[in-house]
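A.B. asks: Supplied in structure tokens, the structure appears directly below.
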């Protein structure tokens with residue numbers, strides 16, 4: 403991603419870039435962006451499939467949207483042109499027709515489905531990355547407004563593509579953040595520390611571990627994994643257990659006492675006033 407947008411930025415702002423050179427270069431941006439969108443959309447398909455416990459209907463639905471996106475973006479790349487700017491205004495790729503906006507409509511549909519499915523399954527917004535899904539959906543919707551509502555003043559006006567670079571950058575960045583935000587399945591409301599309650603085993607990675615200091619000694623214990631189902635369930639407390647007598651000799655003040663020589667004194671207070679006595 404950094405390499406692509408560095409090259410595109412040079413083409414945008416280089417005042418020495420001629421239109422003759424732009425005719426050989428303008429397809430670089432839509433083709434590279436299509437590849438970038440394909441990679442980010444694949445992450446959304448895989449992640450959505452995972453949080454729904456590898457549900458086949460979810461995989462079929464998201465996979466169909468992904469296949470449509472690949473085909474649509476590949477076809478639309480052939481309908482771009484070089485925007486006829488004046489010398490010194492750089493090199494910008496623009497659409498030949500208004501319907502070329504489906505280049506961005508296809509991934510926007512996939513991100514909308516991904517956001518809706520994640521919203522339906524998750525519980526906590528920040529923990530489950532809903533802000534990331536929402537940011538991706540929002541920036542793609544703004545891009546749609548520019549593509550299908552904004553009207554250019556002429557053939558040299560690149561108003562339709564003015565938000566595409568920002569959309570591609572934010573979509574890629576937020577998708578990478580979604581990968582870093584993964585902590586486990588969202589089944590039964592999600593897991594706080596990277597383990598799953600339904601799978602009988604948990605990940606060895608722990609987060610949100612609180613360490614305490616006592617007497618200069620630092621100790622850290624592995625955090626227990628809780629999900630919302632565990633929190634709703636009230637567990638009965640364990641009964642007190644009496645240890646078996648082991649007949650051990652107890653040393654008090656350096657002297658050993660014989661186990662059989664222990665004297666026990668019981669003080670009992672009896673309420674004589676409660677009973678009626680005959681004289």
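In this note's numbering, the protein residues as written are 403 to 681.
Positions of the beta carbon are idealized from the N, C-alpha and C atoms, including for glycine.
Just so it is clear, the structure is predicted and the values come from calculations on it, not from any experiment.
Looking at residue 490: is its Cβ nearer than 8 Å to the Cβ of residue 563?
C.D. replies: no
A.B. asks: Provide the residue span of the alpha helix (DSSP H) that contains residue 465, from first to last.
C.D. replies: 458-478
A.B. asks: Does the stretch 478-485 come close enough to the stretch 418-432 that 3 or more CB-CB pairs lie under 8 Å?
C.D. replies: yes
A.B. asks: Within a Cβ cutoff of 7 Å, which residues of the same chain sit near residue 549, ignoring the five residues on either side of it in sequence?
C.D. replies: Non-local beta-carbon contacts of residue 549 in its own chain, meaning distances under 7 Å to residues more than five positions away in sequence, involve 503, 506 and 562 in chain order.
A.B. asks: Just confirm the distance between the C-beta atoms of residue 500 and residue 534, as a whole number of angstroms; I'd bet it's less than 8 Å.
C.D. replies: Residue 500 to residue 534, Cβ: 31 Å. No contact.
A.B. asks: If we count the other Cβ atoms within 10 Å of its Cβ and call it buried at 16 or more, is residue 508 buried or exposed?
C.D. replies: With 16 or more other Cβ atoms from the protein chains shown falling within 10 Å of its own Cβ, residue 508 counts as buried.
A.B. asks: In angstroms, rounded to a whole number, what distance separates the CA positions of residue 685 and residue 540?
C.D. replies: Residue 685 lies beyond the residue range present for the chain, which begins at 403 and ends at 681; the question has no answer from this structure.
A.B. asks: I'd like to check one pair, residue 575 with residue 410: are the Cβ atoms closer than 8 Å?
C.D. replies: no
A.B. asks: Where do the N-terminal and C-terminal ends of the alpha helix (DSSP H) with residue 536 fall, by residue?
C.D. replies: 532-550
A.B. asks: Am I right that residue 552 and residue 510 are in contact with their C-beta atoms under 8 Å? What's the rounded C-beta distance?
C.D. replies: Actually they do not touch by this definition, with Cβ atoms about 16 Å apart.
A.B. asks: Under the three-state reduction of DSSP, which class applies to residue 482: helix, strand or coil?
C.D. replies: The answer is strand: DSSP assigns residue 482 an E or B state.
A.B. asks: Checking the sheet assignment: what are the DSSP bridge partners for residue 497?
C.D. replies: Note: residue 497 sits in a beta bridge opposite 482.
A.B. asks: Starting from the C-beta of residue 479, find all residues in its chain whose C-beta is less than 8 Å away, skip the five residues before and the five after it, and write them out in chain order.
C.D. replies: Excluding five sequence positions before and after residue 479, the CB atoms of its chain that fall closer than 8 Å to its own CB belong to 429, 432, 433, 436 and 505, given in chain order.
A.B. asks: Looking at C-alpha atoms only, which residue of 555, 405, 424 and 516 is the closest neighbour of residue 438?
C.D. replies: 405
A.B. asks: Say yes only if the C-beta of residue 549 is nearer than 7 Å to one or more non-hydrogen atoms of the ligand MN, and no if none qualify.
C.D. replies: Here there are no bound small molecules, and the ligand MN is not part of this structure.
A.B. asks: From residue 512 to residue 407, what does the alpha carbon distance come to, in whole angstroms?
C.D. replies: 23 Å
A.B. asks: With a threshold of 16 other CB atoms inside 10 Å of the CB of residue 516, please say whether the residue is buried or exposed.
C.D. replies: buried
A.B. asks: Are residue 492 and residue 559 closer than 8 Å when you measure CB to CB?
C.D. replies: no
A.B. asks: Given a cut-off of 8 Å, decide if residue 441 and residue 364 are closer than it, judged by their beta-carbon atoms.
C.D. replies: The first residue shown for the chain is 403 and the last is 681, placing residue 364 beyond what the model contains.
A.B. asks: Do you know offhand how far residue 573's Cα is from residue 418's?
C.D. replies: 31 Å
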